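Residue 1247 in my numbering sits at position 790 of the sequence shown; the count goes up by one each step and never skips.
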Amino acid sequence: MGIKVKHHPWNIIQDFWDPDLQEDAEAIFSLGNGKMGHRGNLEEYFSGPTLQGTYIAGVYYPDKTRVGWWKNGYPDYFAKIINAPDWRGVKTTVNGVKLDLAKVKIIDFERVLDMKQGFLSKSFIAELNNGQRLKIHSIRFLSMANDEIGAIKYEITPLNFGADLQIILDIDGDVKNRDANYGEKFWEEVEIDIEPFPYLITRTKKAEFLEKKGKKSPQFYVCNAFDTQIFIDNLQQTVISEFKTQPKYIAQIYNFKLKQNQTLTIYKYVSVTSSVFYKDLEQLRCKAFENLDIALGLGFDELLKQHIQAWDEKWKQSDIVIQGDVAAQQGIRFNIFQLNQTYTGKYKNLNIGPKGFTGEKYGGVTYWDTEAFCLPFYLSTAPREVARNLLIYRYNHLPKAIENAQKLGFSGGAALYPMVTINGEECHNEWEITFEEIHRNGAIAYAIYNYIRYNDEPQYLAQYGLEVLIAISRFWAQRVNWSKPKKKYVILGVTGPNEYENNVNNNWYTNYIATWTLRYTLESINYVKQNFGDDYKRIVQKTNFDEETETLHWRHIIENMYYPYDENLNIILQQEGYLDKEIVPASKIPENQRPINQHWSWDRILRSCYIKQADVIQGLFFFEHEFDLETIARNFYFYEPLTVHESSLSPSIYSIVASKIGDEQKAYELYLRTARLDLDDYNKEVREGLHITSMGGTWMSLTYGFGGMRIKNNRIAFSPFVPQKWQSFSFKINFRNWLLKIYVDKKSVLIDNLSDEPIDLYLYDKPYTIKPHDSLRAKAQHVKHKTQLAFFDK
Ligand code: BGC
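Written out as structure tokens, the structure reads:
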């Protein structure tokens, strides 16, 4: 499987046509601009396998929960960002016959995603059954400069005949989700017209089941308006067109008689506005028309130019250059490109779905992935408010997180953030995860710490952070219980990050992040009390915080938490009883049984020792400053061989830790896996969509892993090495008020301070100061190879 794209530093190139792999290609060639996105669906008719996917940020439907056996506490619905009206259609009939790409011969096919300039192009020759040939070339982009505009340039040339062509440009709102729980369509028509532009306004259906329960159903309105410009052999034409409308559908239809070798060029400009940003219908409509006026005024080339400039700005901040390995270069750029397409940080009400705008899985909604895997990328490559907006998103959801905890029986302002959400309400409906995967609460606290540490912005605590920390700490304080036999606090019945185990007791990662949160909250209370007395009073009042009693209890938990450990092997235990399992390294699983989640029964997976994703190692990554290197290495060598990395979030964390302990080979092997996970389809599922959130992990495995980037003593620190296969790599970091460029080759490290202020930093643990617009050059130190412990036979 997999479409095996050609290696190229900036482009993703598919140079063959295989209709059966169209779904894989659709995922890989997805486009987005933060506010909307779509899969790389074809503009043409295509009757082969396809997953149509057009998504508008924030536009979701509360799809009623469907489970076999209802359990109290289940959420009412799974909120999903739904497949929205599809605007990319440029469909052709040739002498009355539909040009269906699944039914004609396709010659010289090439599809290119130009990541530098942010557009998708495609060219091919279609040979009809009677030998008539048409040459087609298209370019499509979703403007980064104006995120409500998309545009297509479509060229068609009959090569060996004179053609009667009918071109149908449409907006199709009669779309559905493949994963709709009850097979229903989610859209209703509101308005269709052709003046001043052809447009369609649709709205999402009201969820009746919610209304019946006396709850308000969310409802979104979306306007899609479009216009066209027509050229024949570069001369603009005024052509009469017809319109066809049917429910939730509008098309503009043109008829042309083209001579052999004449080229027809069609520009389709589209504006998409939604009620996520405009509150009434009038505004929605007007804004869409206004956008179209702008697009038409600028024309395709200028619109594209502005879009490319916007991408240029993004690349200036976030590009990573790798010399000596084009596959790795392409991989990292693909990750950076997709992250930037998914989230731009302009809006506080948007977040990052695990598959972004590239598929239906995970519903496009927010997981702990954002805090644990994506935040660092935006912290370092975008203006400060971008990462801040991710934090504010959770701050704004705090009342809902408190409500969510109440539903489960917690009280007194305890908050349990949802595993999955778009509006603050829990939407996940598998009990093992909804109720048990509570470690996500810790990731939200950790993100606050991470943001403040990176930006040296402790005042964030006074404004927003502390309220969240108190609420999360209250949850942990109620979720633990005192074990009489152990004389310790325990946390029972959880799912750790490793989802191949459920309902375990004392998952080390969960226990650790719980007490860490309590410790950090105590520190934060002291800080705010001392430095922002008025804010502290306000927070105490708002949260009804009984400092003395509550913190006394928290301290007792911190001092008496139980952490499972095996004295014989001298390793942290993933959870109590883990070693009762039959421990056999994953290398012994036959290749044809992998991934195990596609071959084994769930029962067999649960009983096995195999670990889906970093769990103990996730904790040792977050809290490495609290452990010595020997401990980190021992646990790495025990757990890595048992990990099947069947979550995309796994290899990056292991790669960073491998770099940390000096195991370059392992770090590189796992890096390749994360960087080209989708391009090479490691997990054999790319057709479902890209693993957007894991791309943040990829970025970290290069910068934190190979670059050894950390914050130490309130300064930025690097300990870089270049992997054997590469000649060099370089990356840029936006750190507080500084912009730094770090270049590493086999012999030297060069750090450029591209800002107007001097910077104090560490390189290989030695302090340096770099003057403004000056550089630091030092000898590259190859990380010493530590002894590799072998717990298992190969
Ligand atoms: C992982 C979770 C993750 C989710 C969404 C699952 O496969 O196990 O940790 O939050 O995917 O990416």
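Beta carbons are placed, not taken as given, at the ideal position from N, Cα and C, and that holds for glycine.
Please read these numbers as outputs of a predicted model, since none were measured by experiment.
- Taking non-hydrogen atoms of the ligand BGC into account, the C-beta of aspartate 1135 is found less than 7 Å away from none of them.
- Boundaries for lysine 642: no alpha helix (DSSP H) harbours it, and the DSSP string shows neither H nor E there.
- The beta carbons of lysine 633 and glycine 1146 sit no closer together than 8 Å.
- Partner residues in the beta bridge of isoleucine 538, as assigned by DSSP, are Tyr517.
- Burial of serine 487 is indicated by the presence of at least 16 other C-beta atoms within 10 angstroms of its C-beta.
- Two segments are said to touch when three or more pairs of C-beta atoms, one from each, lie closer than 8 Å; by this definition the region 711-718 does not touch the region 729-736.
- Below 8 Å, too few C-beta pairs join the region 832-843 and the region 867-882 to call them touching: fewer than three.
- Excluding its 5 nearest sequence neighbours in each direction, glutamine 719 has C-beta neighbours in its own chain below 8 Å: Thr614, Pro615, Ile689, Asp690, listed in chain order.
- Taking the Cα of threonine 522 as reference, the smallest distance to any Cα among Ala514, Phe1002, Asp1085, Pro532 is reached at Pro532.
- Assignment of beta-bridge partners to methionine 1018 by DSSP yields Tyr946.
- Taken in chain order, the whole alpha helix (DSSP H) runs of length 4 or more contained in the region 1144-1227 are 1149-1157.
- With respect to glutamine 471, proline 506 sits apart: the two C-beta atoms are not nearer than 8 Å.
- Scanning its chain for C-beta atoms nearer than 8 Å, with the 5 sequence neighbours on each side dropped, one finds around tyrosine 1094 the residues Gln1245, Leu1246, Ala1247, Phe1248, in chain order.
- Remark: the C-beta of threonine 1150 is in contact range of the ligand BGC, defined as less than 7 Å to any heavy atom.
- Within the DSSP secondary-structure output, cysteine 884 pairs in no beta bridge.
- Counting along the chain, cysteine 680 sits inside the beta strand (DSSP E) bounded by residues 678-689.
- No Cβ-Cβ contact shorter than 8 Å links asparagine 1017 with tyrosine 1096.
- For glutamate 883, the CB stays at least 7 Å from every heavy atom of the ligand BGC.
- Closer than 7 Å to some heavy atom of the ligand BGC: that does not describe the Cβ of proline 1108.
- Residue burial annotation: tryptophan 1059 is exposed, with fewer than 16 other C-beta atoms found within 10 angstroms of its C-beta.
- Counting along the chain, the unbroken beta strand (DSSP E) around asparagine 712 starts and ends at 706-715.
- Of the heavy atoms belonging to the ligand BGC, none sits nearer than 7 Å to the Cβ of tyrosine 1067.
- Per the coordinates, the alpha-carbon of glycine 1164 lies some 30 Å from the alpha-carbon of alanine 484.
- Contact check for alanine 752 against tyrosine 726 passes: the beta carbons are separated by less than 8 Å.
- Here threonine 1131 is buried, its C-beta having at least 16 other C-beta atoms within 10 Å.
- Looking at the backbone, the Cα of aspartate 565 and that of serine 595 are separated by about 14 Å.
- Taking lysine 642 as reference, the option from Glu648, Asp631, Leu585 with the minimal CA-CA separation is Asp631.
- Selection Thr511, Lys1182, Gln1238 evaluated against threonine 815 yields Thr511 as nearest (Cα-Cα).
- Secondary structure of phenylalanine 473 (DSSP, three-state): coil.
- Here the region 989-1001 does not lie against the region 1051-1067, with fewer than 3 beta-carbon pairs under 8 Å apart.
- Distances between the C-beta of tryptophan 825 and the heavy atoms of the ligand BGC include at least one below 7 Å.
- Residues Ala919, Val985 of the same chain have their beta carbon placed closer than 7 Å to that of aspartate 992, with the five preceding and five following residues left out of the count.
- Taking one beta carbon from each stretch, the region 1119-1133 and the region 1164-1173 have fewer than 3 pairs nearer than 8 Å; the two do not touch.
- Under the criterion of beta carbons closer than 8 Å, tyrosine 1200 and leucine 1207 qualify as touching, at roughly 4 Å.
- About 7 Å separates the Cβ atoms of isoleucine 777 and isoleucine 793, confirming a contact at the 8 Å cut-off.
- With 16 or more other CB atoms across the displayed protein chains lying within 10 angstroms of its CB, glutamate 924 is buried.
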